[in-house]
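Student:
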Amino acid sequence: MLDTSIEFLKGVGPKRGDLLKSELGIYTCDDLLNYYPFRYIDRSSFHPSNHLNADMPYAQLKGKIIGVKLVGSPRQQRLTAKFEDKYGSIDLVWFQGARYIKPTLEEGGEYIVFGKPSLFNNRFTITHPELSKLSEENPLGALKLQPVYSSGEKLSGRGLNSKGIEKLVRTLLPQVLDLIGETLSAELVKKLNLISRKAAIRQIHFPESGEALQAALFRLKFEEFFFLQLQLLRTQINHRKTYGGFVFEQVGDHFNDFFTNHLPFELTEAQKRVVKEIRKDLGTGNHMNRLLQGDVGSGKTVVALLTMLLAKDNGFQATLMAPTEILAQQHFESLSQLLKHTGLNIALLTGSVKAAARKPIFAGILSGEIDFLVGTHALLEDKVQFKNLGLSVIDEQHRFGVAQRAQLWKKNICPPHVLVMTATPIPRTLAMTFYGDLDVSVIDELPPGRKAIKTLHKKDSSRLNVFAFMRSEIAKGRQIYVVYPLIKESETLDYKDLMDGYESVSRAFPLPNYQIAIVHGKMKPADKEFEMNRFISGKAQILVSTTVIEVGVNVPNASVMVIESAERFGLSQLHQLRGRVGRGADQSYCLLMTGNKVSSEGKKRMEIMVRTTDGFEIAEEDLRLRGPGDIMGTQQSGILDLKLADLAHDQQILILARDAARMVLESDPDLARPSNLRILTEYKNQARRRPNWSRIS
Ligand code: ADP
Ligand code: MG
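Quick note: the sequence shown uses the numbering used here, first residue 1098, plus one each step.
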């Protein structure tokens, strides 16, 4: 019955069946069963007729229908009635189907009426109300939370509005109720105090009470998360089983010497914790596949370096890969600086390293003379052969595709350990799903002594003040970023904005006192680099750019970030941009420029940015405002297509589900025990339906 094609359900038929398939993706009775209401109307409480107002989205009254009459000419006939409760009366009106509706109304009968009240000739009127007649078969007690199903014009045209769909579910449910099987083990159901799947499905369509609905939602959301986590965790376990990792057992001389003699500062508690987590991974013989999250400036580089030293101590080489030449260059310089007195050998390989200079590098990594290789994706080329690569650190993973990461694996007989670092804080729930098959470490603390960046929201009308402020900061020797949005859909307009902006900045900051660099995506890479270097070297005081500077650039002397049309950026992007400043000893500022009029949503975003510099808090807000798909910039993996559960609001349930999945797999990794048979069956069913999720090396 559950697999029966939907047109065979009583009340459907071929035409409606086709619509249900094309509009809602409901092909079978089972699909209909899993088509849940998206909200409910509480039909257990009533508004008194003397307490209505025209702003109410709907009102619900209980009373009697009296004075039913047809009015107007036969061609423009309407039906009116009076509806009377203890407190007064309102009018009901039907413009359509008047003649058919009239005989169904019982004068003096008791009804519940439901609809949007509006004021008409100073009386409240409900047009085309929904009516339920109260009778012995339909007593008041039977009306609780009424489900509302999303429908559409085409469907409604064929009688499949919310009510119509509700009716189909009411037909189906009693026929199949006993076929709805349990998908979780008895142990889990008991331990987590869940209601049965059967009860949950019934209650989600027709809840007997608010509590029953909550219990149903909890059960179904849990289940949704549980099977997702089960899949992710199994991927992780299989991965570990398939690929043993090099064991970095020893903490040896290089690590210890650096730690005691060359580390220029004390690690923060968060850094210490993360290094410990990494060491645990590396010591076990598992292959490490770890995501390191830490806000801009939280000190990820030194964690990477310590990990690389562990590799060295155990006889392995390591790489550090960055998405751009400039970033690779900066990493190379800062690592060289830190390793200056250690005798370790570090090299840089990027696309612009000339053939002649490459030869000794290739030879050095093949012979093992070079310990650490820093670079761009040039590292991935086949010509780059290591003596014994044991670890690859990847900075800013967003720019690297899966295929590229996979190439790293071919660099040794056994895949090197992978540490992916990102400065984009990802809300915990997202990390647990999107990166659920990776281990995640978080640096959630900034090194001490940083001055918090001051963020201000400024309107276009105060531009002259902003320019004056910029001048005073430049006079103190500081540098300034001015960033314009660049959004694909309006690219031409955006470039115009950028060029207009550049002109206006150039007028306000004229040569010879001021130099302005400009960088945008339409420039040739060489020109871009030239302009960028004018700014990095301090020759230019102002850098006007689109968001190309978003990733990684480090100019500690730049202390002011001006973001133009800030209302057009997402929160995470604003946060990334702001992270470009606040890297030196000086007080830094971020000025969010918006038009004089800002939408309430835009205003909210500005307020959040002004209020906090905590990247994780901002990421959580972003998740609430934009939803998970937009944040990760992807929906195609299918992994974020949750039906009921919501990553912004159901964190607790997700954590429970992940723990439960872990517990099940710990005692029964292949789900082979009879007590887990139901779980295995459902797991296989879902695996058949879902696309392959494994995206990460
Ligand atoms: P990110 O996480 O953005 O890559 P970096 O690793 O570039 O951050 O570190 C930012 C700055 O903070 C660097 O100048 C680094 O030397 C410094 N730093 C890192 N850790 C600490 C620490 N524990 N104490 C003081 N300064 C630190
Ligand atoms: Mg960094």
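A virtual CB, placed ideally from N, CA and C, is assigned to each residue, including glycine.
(1) Under the rule that 16 or more other beta-carbon atoms within 10 Å means buried, what is I1615, buried or exposed?
(2) Could you work out which residue in I1163, R1376, Y1124 is closest to L1176 when comparing CA atoms only?
(3) Under 8 angstroms, do I1540 and K1397 count as touching if we go by C-beta distance?
(4) I'd like to know whether the C-beta atoms of N1147 and G1108 end up nearer to each other than 8 angstroms.
(5) Have a look at P1607 and L1583 and give me their C-alpha separation to the nearest angstrom.
(6) Less than 8 angstroms between the C-beta atoms of F1323 and A1758, yes or no?
(7) Work out the CA separation of D1756 and L1330 for me, nearest whole Å.
(8) For S1102, name the three-state secondary structure that DSSP assigns.
(9) Return the bridge partner residues of Y1578 from the DSSP annotation.
(10) Let me know if A1769 comes out buried or exposed under the rule of 16 or more other beta-carbons within 10 Å of its beta-carbon.
(11) Under 7 angstroms: does the beta carbon of K1625 sit that close to some heavy atom of ligand 2?
(12) Which runs of the beta strand (DSSP E) at least 3 residues long sit entirely within the segment 1235-1289? Give them in chain order.
(13) Considering only the alpha carbon of each residue, which of G1249, R1172, A1565 lies closest to L1117?
(14) Can you give the Cα-Cα distance for I1335 and Y1780, rounded to whole angstroms?
(15) Quick one: is I1187 buried, meaning 16 or more other Cβ sit within 10 Å of its Cβ, or exposed?
(16) When the Cα atoms are used, what is the spatial distance from P1609 to L1640?
(17) Is A1549 a contact residue of ligand 1, with contact defined as CB to any heavy atom under 7 angstroms?
(18) If you follow the alpha helix (DSSP H) that C1126 is part of, which residue opens it and which one closes it?
(19) For the beta strand (DSSP E) that contains A1444, what are its first and last residues?
(20) Do V1372 and ligand 1 come close, with the Cβ less than 7 angstroms from some heavy atom?
(21) Is it true that the CB of L1167 sits closer than 8 angstroms to the CB of Q1157?
(22) Relative to the C-alpha of R1568, which residue among I1613, K1551, S1587, L1543 is closest?
(23) Can you check DSSP and say which residues form a bridge with R1136?
(24) Please report the Cβ distance between N1375 and T1421, rounded to the nearest whole angstrom; I am assuming they are in contact, meaning their Cβ atoms lie under 8 angstroms.
(25) Select from K1619, L1149, I1633, S1697 the residue whose C-alpha is nearest the C-alpha of R1677.
(26) In chain order, what residues of the same chain have a beta carbon less than 8 angstroms from the beta carbon of K1662, not counting five sequence neighbours either side?
(27) If we ignore side chains and look at the alpha-carbon of each, how far apart do L1488 and L1406 end up?
(28) Taking only heavy atoms of ligand 3 into account, decide whether any of them is closer than 7 angstroms to the Cβ of D1479.
(29) Cutting at 7 angstroms between CB atoms, please list the residues of its own chain near I1262, excluding the five before and the five after it.
(30) Does the beta-carbon of E1493 have 16 or more other beta-carbons within 10 angstroms, so that it is buried, or is it exposed?
(31) In whole angstroms, what is the alpha-carbon distance linking V1659 and P1512?
(32) In the DSSP assignment, find the unbroken beta strand (DSSP E) run with T1224 in it and report its ends.
(33) K1161 lies in the beta strand (DSSP E); which residues open and close that run?
(34) Which residue comes first and which comes last in the alpha helix (DSSP H) that contains M1706?
(35) In this structure, does DSSP put T1332 in helix, strand or coil?
(36) By how many angstroms is the C-alpha of L1436 removed from the C-alpha of F1355?
Tutor: Here's the rundown:
(1) As a working mapping, residue 1615 is identified with position 518 in the sequence shown. With 16 or more Cβ atoms within 10 Å of its Cβ, I1615 is classed as buried.
(2) To locate residue 1176, count along the sequence shown from 1; it is residue 79. Cα-wise, what sits closest to L1176 is I1163.
(3) Walking along the sequence shown from the start, residue 1540 turns up at place 443. Walking along the sequence shown from the start, residue 1397 turns up at place 300. Yes, they are a contact pair.
(4) Reading the sequence shown from its first residue, position 50 is the one you call residue 1147. Reading the sequence shown from its first residue, position 11 is the one you call residue 1108. G1108 is positioned such that its CB atom lies no closer than 8 angstroms to that of N1147.
(5) Looking up residue 1607 in the sequence shown gives position 510. Looking up residue 1583 in the sequence shown gives position 486. So the two alpha carbons sit approximately 25 angstroms from each other.
(6) One-based indexing of the sequence shown puts residue 1323 at position 226. One-based indexing of the sequence shown puts residue 1758 at position 661. Against a cut-off of 8 angstroms, the Cβ pair of A1758 and F1323 comes out as a contact.
(7) Taking the sequence shown and counting its residues from 1, the one referred to as residue 1330 is at position 233. Taking the sequence shown and counting its residues from 1, the one referred to as residue 1756 is at position 659. Computed Cα separation, rounded: 10 angstroms.
(8) Counting from one through the sequence shown, the residue named residue 1102 turns up at place 5. In the structure shown, S1102 sits in a strand (DSSP, three-state: E or B).
(9) As a working mapping, residue 1578 is identified with position 481 in the sequence shown. Y1578 is bridged to L1640, M1658.
(10) On the sequence shown, position 672 is the one that residue 1769 refers to. Exposed, because fewer than 16 other Cβ atoms sit within 10 Å of the Cβ of A1769.
(11) One-based indexing of the sequence shown puts residue 1625 at position 528. Not under cutoff, so the answer is no.
(12) 1242-1245
(13) Counting from one through the sequence shown, the residue named residue 1117 turns up at place 20. Here the closest residue by C-alpha is G1249.
(14) Here residue 1335 refers to the residue found at position 238 when the sequence shown is read from its first residue. Here residue 1780 refers to the residue found at position 683 when the sequence shown is read from its first residue. Reading off the sequence, residue 1335 comes out as Asn, not Ile. Each residue's alpha carbon lies about 16 angstroms from the other.
(15) Looking up residue 1187 in the sequence shown gives position 90. With 16 or more other Cβ atoms within 10 Å, it is buried.
(16) Looking up residue 1609 in the sequence shown gives position 512. Looking up residue 1640 in the sequence shown gives position 543. P1609 and L1640: Cα-Cα distance of roughly 16 angstroms.
(17) Here residue 1549 is taken as the residue at index 452 of the sequence shown, counted from 1. Because no heavy atom of ligand 1 lies under 7 angstroms away, the Cβ of A1549 does not count as near it: no.
(18) Within the sequence shown, numbered from 1, the residue matching residue 1126 stands at position 29. Counting along the chain, the alpha helix (DSSP H) containing C1126 begins and ends at 1126-1130.
(19) Mapped onto the sequence shown, residue 1444 falls at position 347. Looking at the DSSP string, the run of the beta strand (DSSP E) that includes A1444 is 1443-1446.
(20) Here residue 1372 refers to the residue found at position 275 of the sequence shown. Flag unset: Cβ of V1372 not near ligand 1.
(21) Taking the first residue of the sequence shown as 1, we reach residue 1157 at position 60. Taking the first residue of the sequence shown as 1, we reach residue 1167 at position 70. In this structure, L1167 does not lie closer than 8 angstroms to Q1157 by Cβ.
(22) The residue you call residue 1568 lines up with position 471 of the sequence shown. Comparing Cα-Cα distances from R1568 to each of I1613, K1551, S1587, L1543, the minimum goes to I1613.
(23) Along the sequence shown, one-based indexing puts residue 1136 at 39. Paired residues: V1245.
(24) Stepping through the sequence shown from its first residue, residue 1375 is reached at position 278. Stepping through the sequence shown from its first residue, residue 1421 is reached at position 324. Asn is not the amino acid found at residue 1375; the sequence shown has Ile there. The Cβ separation is near 25 angstroms, so there is no contact.
(25) Looking up residue 1677 in the sequence shown gives position 580. Nearest option by C-alpha distance: I1633.
(26) Numbered from its first residue, the sequence shown carries residue 1662 at position 565. The question names Lys, but residue 1662 is Ser in the sequence shown. Annotation for S1662: Y1581, P1582, D1594, M1690, T1691, G1692 place their beta carbon closer than 8 angstroms to its own, counting only its chain and skipping 5 residues before and after.
(27) Stepping through the sequence shown from its first residue, residue 1488 is reached at position 391. Stepping through the sequence shown from its first residue, residue 1406 is reached at position 309. Using only the alpha carbons, I get a separation of about 10 angstroms.
(28) Looking at this structure, you won't find ligand 3 anywhere; what it does contain is ligand 1 and ligand 2.
(29) Mapped onto the sequence shown, residue 1262 falls at position 165. Here the set comprises Y1246, S1248.
(30) In the sequence shown, the residue the question calls residue 1493 occupies position 396. Flag for E1493 reads buried.
(31) Counted from its first residue, the sequence shown places residue 1659 at position 562. Counted from its first residue, the sequence shown places residue 1512 at position 415. Distance between the alpha carbons of V1659 and P1512: 44 angstroms.
(32) Here residue 1224 corresponds to residue number 127 of the sequence shown, with the count starting at 1. That run of the beta strand (DSSP E) goes 1220-1224.
(33) The sequence position of residue 1161 within the sequence shown is 64, counting from 1. From DSSP, the beta strand (DSSP E) with K1161 extends over 1156-1168.
(34) Within the sequence shown, numbered from 1, the residue matching residue 1706 stands at position 609. Unbroken alpha helix (DSSP H) run through M1706: 1697-1708.
(35) Residue 1332 sits at position 235 when you count from the first residue of the sequence shown. In the structure shown, T1332 sits in a helix (DSSP, three-state: H, G or I).
(36) What you label residue 1355 is simply residue 258 of the sequence shown in a count that begins at 1. What you label residue 1436 is simply residue 339 of the sequence shown in a count that begins at 1. About 8 angstroms.
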